[in-house]
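**Q**
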Amino acid sequence: MASGKPGWINIFYGAAIFALLITLGLSSYFSLDQHPLKKQYRIPDLKINLGAGPVREHCTYCHPDGSRPSADLAQRAVREHPDIGAHQWEKLGCTGCHLGEGMALDVDISHGLPGLGARSILKGKDLQASCFKCHRVGPLAGATKAWKGYRTFLARGCNTCHHIAGLGRGGRYGPDLSHIGSLLGLDLLQQAIRDPKANLANSIMPRFPLSKGQARSVAYFLKSRVKQPFYATPMQIQAGQVKLPEVSLAPKGRELAAGEKLLFEKQCLACHQFRAVNGRIAPDLSFVGSQREREYISGFLTNPARYIPGAVMPQVPMSADEQSRLVDYLAGQAVAPKNLSQLLAQKMGREEPAKQLFMRLCQACHAAEGNGLGPIQPNLANFPRAFNGNATFFQQADQQRLLKSIETGIPGTSMPGYKKIISAEQREQVLNLIFKAFIGIATTDKIALPALPEHTAHLPEATIDTLFLEQCSRCHGVSGNGKGAESQQHLPRPRNLTNSRYFAAFSDERIARAIQDGIPGTAMPAHVELLSTDETWGLTHKIRQLSRAKNAE
Amino acid sequence: MSGKSRNFFNHLHSGQVRLRVLHPLTTCGFGIAALTCLGTLFVTGFTLFLYYVPDHAQAYERILHISTTLHFGRLIRNLHYLSANALLVLAVLHLSRIFFMGSYKKRRRNWIYGLVLLLLILFANFTGYLLPWDQISYWAVKVGASLASYFPILGPTLQTFLLGGLQVGPETLVRSFALHAGVLPFLLLAFVSLHLWRLRKDGGLALPEVADEQRLPAAPWLYRLEAAVAMTVLATLIGLTQVINAPIFERADPAHPPNPAKAPWYFVGFQELVSYSAVIGGILIPVLLAAFLLLVPFLDRSRSCGGQWFSADRRRWNLAFALLLLSQVVLIIIGHFLRGPNWQLLLPF
Chain A
369 MASGKPGWIN IFYGAAIFAL LITLGLSSYF SLDQHPLKKQ YRIPDLKINL GAGPVREHCT
429 YCHPDGSRPS ADLAQRAVRE HPDIGAHQWE KLGCTGCHLG EGMALDVDIS HGLPGLGARS
489 ILKGKDLQAS CFKCHRVGPL AGATKAWKGY RTFLARGCNT CHHIAGLGRG GRYGPDLSHI
549 GSLLGLDLLQ QAIRDPKANL ANSIMPRFPL SKGQARSVAY FLKSRVKQPF YATPMQIQAG
609 QVKLPEVSLA PKGRELAAGE KLLFEKQCLA CHQFRAVNGR IAPDLSFVGS QREREYISGF
669 LTNPARYIPG AVMPQVPMSA DEQSRLVDYL AGQAVAPKNL SQLLAQKMGR EEPAKQLFMR
729 LCQACHAAEG NGLGPIQPNL ANFPRAFNGN ATFFQQADQQ RLLKSIETGI PGTSMPGYKK
789 IISAEQREQV LNLIFKAFIG IATTDKIALP ALPEHTAHLP EATIDTLFLE QCSRCHGVSG
849 NGKGAESQQH LPRPRNLTNS RYFAAFSDER IARAIQDGIP GTAMPAHVEL LSTDETWGLT
909 HKIRQLSRAK NAE
Chain B
46 MSGKSRNFFN HLHSGQVRLR VLHPLTTCGF GIAALTCLGT LFVTGFTLFL YYVPDHAQAY
106 ERILHISTTL HFGRLIRNLH YLSANALLVL AVLHLSRIFF MGSYKKRRRN WIYGLVLLLL
166 ILFANFTGYL LPWDQISYWA VKVGASLASY FPILGPTLQT FLLGGLQVGP ETLVRSFALH
226 AGVLPFLLLA FVSLHLWRLR KDGGLALPEV ADEQRLPAAP WLYRLEAAVA MTVLATLIGL
286 TQVINAPIFE RADPAHPPNP AKAPWYFVGF QELVSYSAVI GGILIPVLLA AFLLLVPFLD
346 RSRSCGGQWF SADRRRWNLA FALLLLSQVV LIIIGHFLRG PNWQLLLPF
């Protein structure tokens, strides 16, 4: 039966043997040919003891004697490692300062794989990011930028929100930065400082006005905050013996009142504006004594979110004595001069008081374009009312109500009252200017809204709760805090319905009207077609419950 | 063969084989190919065993050392990685072949052994995944372990057992290594032996009886064919080591998950399901899937003899299986390739 024998098996068998031999041979050849030993007689294997334990590295394979790599041996002498006192490669190794993966004998892997960049190689100017891992933070030759970065870190008040080991006190609001250098690379640190929302869309960290260089300096300092600093034992760290130096934050060469000095030292001016110093993050404190009551200032310092729910301002740690001195200074000294508009006119050299008042008092939040996107708007808990392109809102708003908002401010928000700063006449001038320049309608151009239907029957609470979940929670959140699933899509953000101070100033009618007719210029739609009268009033009642506030009137 | 044969392989094969057994489309060689991968894994695994240290502070550097400094280190590690993935694919192909041919008929026990082997392979693959201790492996195991925790009662216990605690940590690494290198190879060896022994006991491949069929001696024809398949697989794997490198990412950082964190590719299908519904995707479907595979030999009452491709009276079963297989493939493709940050769908076009 010779014909029935599957001869192809023999061919397959032969071919398979051949293929296996070929691939085995070729890959063995490539493996040996590409192996480091092919290029160099031996692989240096450096083992050193840095404080945190033994470190093993092959770096000197490409960097003999710590030189920069070059195929040409003569070139290596030229590109040799600079002599920095006690930093000899045979004693300290390479990765202690330069990072990288010492055990990899591969250019891409040993210089740090892409990603967080925690182990990415440090060289050139970036190398100073390593100095303060061992050296005490302070002025140090070669690490001037890292030292500057530390001072910037304090001056911009980073530690009021972030905790960092060695300062003895620290914020509880941002992530702990004590070991951040072991986790992230320089580029990511720099990005996180300059654009906090780039990696974390809902980050509440303000975008500090820092140049690339300044942010890089802070990143240098932060990169030196590592888990196991080489010259500090865990006991020393635990006992608080590893300390970051205190730096005087008050500007030198200028006589300051004790209170004003406190504003610098307590890092208020890292964010706030005070006269000529402008942190460009938070509202102006120059006239806060005229804008807010003494009790308000004192209470706000103790717990900012009680006064403005959602405020990003942290509780700044300070002693009771310091706080009372600060409050004394702000309430007593930080007041507006009587002739503010004249002073402004003198300074600007023009006679348009309303315009200059707007630029001095309103622009930081409401913007020079009047669209509410002022420079500090992103850091405010509530969106400043937009004027530009928002005519409908102002057609529906009573003129007296608008004037009153300027006069006494809007409780529960950052809008202060201007009663003690500018006269009633000037307030009206500013409002007229806003109408003329931004809103584009006459102050008398008003729409009378149809009367609200009368309240007929009370709906059961369960029905209203379901209704709230259906109609409101997408934006205002299940708990009414304004952080619903869709809230991030809208600017102005949905109102925080638990803001008691804000809603206490509202009449029931105004809340019901907002639900029924919506709020022009915001994402709040009219619900007149969607809700019955009873339902509208039921939801009004629900908002009263959420804000735990009855109408003061 | 004449005279007494002392060939060990004669214990595993009958002396005479039918001509059909040798036909390429009868088995497609999946079983032999999978066996070759397993053998490769044992050899390369033992080599890696000599250099790897299951300590969270050293594991990553050891992997770097193995794959960049040692002679043939990269080759061995790539081969281990490639064979592991090939084994899983081939095992599933082998299972599909058996299903579509209905070969599990009258061989229920061996079908169960096969399923146990598939489970062991998945488990071995999963425990090996963590060992490099880099970002992707760390977070993949974290995701994989949390997928397990969706299972009621058994899940959390299993998770705690696997992780050696509630978090992926140094203990997990030691456990993974112990299971991967100390327990699973022996279980695999035991079940492969059972699987092959059962096959011999059941009378070789399941093929319908045909009268007056031509027979050939197993030696040399069957042995040559098996050796040829094995060598082809090995040659392909070795060839691939020069093209595909076993992945290595940054050191594991428990504080910063990659976005998205994905399970190992073979579990991504379940991760995708869980992203729709934890109860349906995490419990119901895996249980139904397992029950289907486990019970098929007992439920399939069709009359046709096993060993025929796509026989007409098993059409429904085959269709059901094909759908299951396809759905897993599609889910894995969606989960693995089309899911971006925050598990959002990213279309490649």
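Taken in order, these protein sequences are the chains called A and B.
Read in this note's numbering, the first sequence has 849 at position 481, and its numbers run on one by one without any break.
Read in this note's numbering, the second sequence has 305 at position 260, and its numbers run on one by one without any break.
For glycine and all other residues, C-beta sits at the position ideal for the given N, C-alpha and C.
Keep in mind it's a predicted model, so treat the numbers as computed, not measured.
#1: If you draw a straight line from the C-alpha of B/S356 to the C-alpha of B/Y149, how long is it?
#2: Cα separation between B/H101 and B/P215?
#3: Taking only beta carbons into account, state which residues of the segment 466-483 of chain A come closer than 9 Å to chain B, listed in chain order.
#4: Can you give me, in chain order, the residues of the segment 483-498 of chain A that have a beta carbon less than 7 Å from any beta carbon in chain B?
#5: Give, in chain order, every unbroken run of the alpha helix (DSSP H) that is at least 4 residues long and sits entirely within the segment 164-212 of chain B.
#6: Does the ligand ADP have a heavy atom nearer than 7 Å to the CB of B/F94?
#7: Mapping DSSP to helix, strand and coil, what is B/F117?
#8: On the CB-based measure, 16 or more other CB atoms within 10 Å of its CB, does A/V656 come out buried or exposed?
#9: Using the Cα positions of B/L138 and A/L400, report the straight-line distance between them to the nearest angstrom.
#10: If the cut is a Cβ gap below 9 Å, which residues of chain B does A/P404 touch?
#11: Going by Cα to Cα distance, which pick from A/D876, A/R881, A/I477 is closest to B/F294?
#12: Helix, strand or coil for A/D813? Go by DSSP, reduced to three states.
#13: Count Cβ pairs between the segment 205-219 of chain B and the segment 313-332 of chain B that sit closer than 8 Å; are there 3 or more?
#14: Classify B/V255: buried if its beta carbon has 16 or more other beta carbons within 10 angstroms, exposed otherwise.
#15: On the three-state DSSP scale, how would you describe B/V237?
#16: According to DSSP, which residues form a beta bridge with A/D652?
#17: Apply the 10 Å Cβ neighbour rule to A/Y697 and answer buried if 16 or more other Cβ atoms are within range, or exposed otherwise.
#18: Inspect the beta-carbon positions of A/Q531 and A/G538 and report whether they are closer than 8 Å.
#19: Return helix, strand or coil for B/R260, following the three-state DSSP convention.
#20: To which residues does DSSP link A/L414 through a beta bridge?
#21: For a contact meaning CB atoms closer than 7 Å, what does B/Q301 contact in chain A?
#22: Tell me where the beta strand (DSSP E) around B/Q61 begins and ends.
#23: So, do the segment 52-61 of chain B and the segment 233-245 of chain B have three or more beta carbon pairs nearer to each other than 8 Å?
#24: Residues in its own chain within less than 7 Å of B/I108 by CB, not counting five upstream and five downstream?
#25: Kindly list the residues whose CB is nearer than 8 Å to the CB of A/L484, restricted to its own chain and excluding five residues on each side of it in sequence; keep chain order.
#26: Can you check the segment 555-630 of chain A for any alpha helix (DSSP H) of at least 4 residues that lies completely inside it and give the ranges in chain order?
#27: Counting only Cβ pairs nearer than 7 Å, list the residues of chain B close to A/T391.
#28: At 4 residues or longer, what runs of the alpha helix (DSSP H) sit wholly inside the segment 87-149 of chain B?
#29: If contact means a Cβ-Cβ distance below 7 Å, which residues of the segment 265-276 of chain B contact chain A?
#30: Counting C-beta neighbours from all protein chains within 10 Å, is the total for A/S592 16 or more, i.e. buried, or is it exposed?
#31: State the beta-bridge partners of B/L390 as determined by DSSP.
#32: With distances taken between CB atoms, is the gap from A/T834 to A/N849 smaller than 8 Å?
#33: Run through chain A and tell me which residues come within less than 7 Å of B/L109, C-beta to C-beta.
#34: Can you grab the Cα-Cα spacing for the pair B/L219 / B/Y96, in whole Å?
#35: In three-state terms, what does DSSP make of B/R51?
#36: Taking the straight line between their C-alpha atoms, what separation do you get for A/G808 and A/G738?
**A** Short version:
#1: Separation of B/S356 and B/Y149 (C-alpha to C-alpha, rounded to the nearest whole angstrom) is 13 Å.
#2: Looking at the backbone, the Cα of B/H101 and that of B/P215 are separated by about 5 Å.
#3: Within the segment 466-483 of chain A, the qualifying residues are E469, G470, M471, A472, L473, D474, I477, S478, G480, L481, P482, G483.
#4: Of all residues in the segment 483-498 of chain A, G483, L484, A486, R487 have a Cβ within less than 7 Å of some Cβ in chain B.
#5: When DSSP assignments are scanned along the segment 164-212 of chain B, the uninterrupted stretches of alpha helix (DSSP H) that are 4 or more residues long and fall wholly within it turn out to be 180-193, 199-208.
#6: For the ligand ADP, the structure offers nothing, since it holds no ligand at all.
#7: It is coil, neither helix nor strand.
#8: A/V656 should be labelled buried.
#9: One alpha carbon belongs to B/L138, the other to A/L400, and they sit about 35 Å apart.
#10: Residues of chain B with a Cβ closer than 9 Å to the Cβ of A/P404 are, in chain order, T113, T114.
#11: Checked all of A/D876, A/R881, A/I477; the closest Cα to B/F294 is A/I477.
#12: Here A/D813 carries a coil assignment [DSSP, helix/strand/coil].
#13: These segments do not touch.
#14: By the 10 Å Cβ count, B/V255 comes out exposed.
#15: Residue state, collapsed to three classes: helix.
#16: According to DSSP, which records beta bridges pairwise, A/D652 is partnered with A/Q641.
#17: With 16 or more other Cβ atoms within 10 Å, it is buried.
#18: A quick correction: the sequence has His, not Gln, at residue 531 of chain A. Yes, Cβ-Cβ distance for A/H531 and A/G538 is below 8 Å.
#19: DSSP, read as helix, strand or coil, puts B/R260 in strand.
#20: Beta bridge pairing from DSSP links A/L414 with A/E425.
#21: Gln is not the amino acid found at residue 301 of chain B; the sequence shown has His there. Per Cβ cutoff of 7 Å: L484, L551.
#22: Secondary structure note for B/Q61: its beta strand (DSSP E) is the uninterrupted segment 61-63.
#23: Contact between the segment 52-61 of chain B and the segment 233-245 of chain B is established, with three or more Cβ pairs separated by less than 8 Å.
#24: Excluding residues within five positions, the ones whose Cβ falls inside 7 Å are P177, I293.
#25: L551, L552, G553, L556.
#26: Complete alpha helix (DSSP H) runs here, min 4: 580-591, 602-606.
#27: Within chain B, the residues near A/T391 are A280, I283, G284.
#28: Annotation: the segment 87-149 of chain B contains the following complete segments of the alpha helix (DSSP H) (minimum length 4 residues), in chain order: 104-113, 118-146.
#29: Contact residues of the segment 265-276 of chain B toward chain A are W266, R269, L270, A272, A273, M276 (C-beta to C-beta distance below 7 Å).
#30: A buried status is given to A/S592, since no fewer than 16 other beta-carbon atoms sit within 10 Å of its beta-carbon.
#31: Bridge partners of B/L390: B/R384.
#32: Cβ atoms of A/T834 and A/N849: not closer than 8 Å.
#33: For B/L109, the residues of chain A that pass the 7 Å Cβ criterion are E469, M471, A472, I477, in the order they occur in the chain.
#34: One point to set straight first is that residue 219 of chain B is Val, not Leu, in the sequence displayed. Taking the straight line from one Cα to the other gives about 15 Å.
#35: Coil.
#36: In this structure, the straight-line span from the alpha carbon of A/G808 to that of A/G738 is close to 11 Å.
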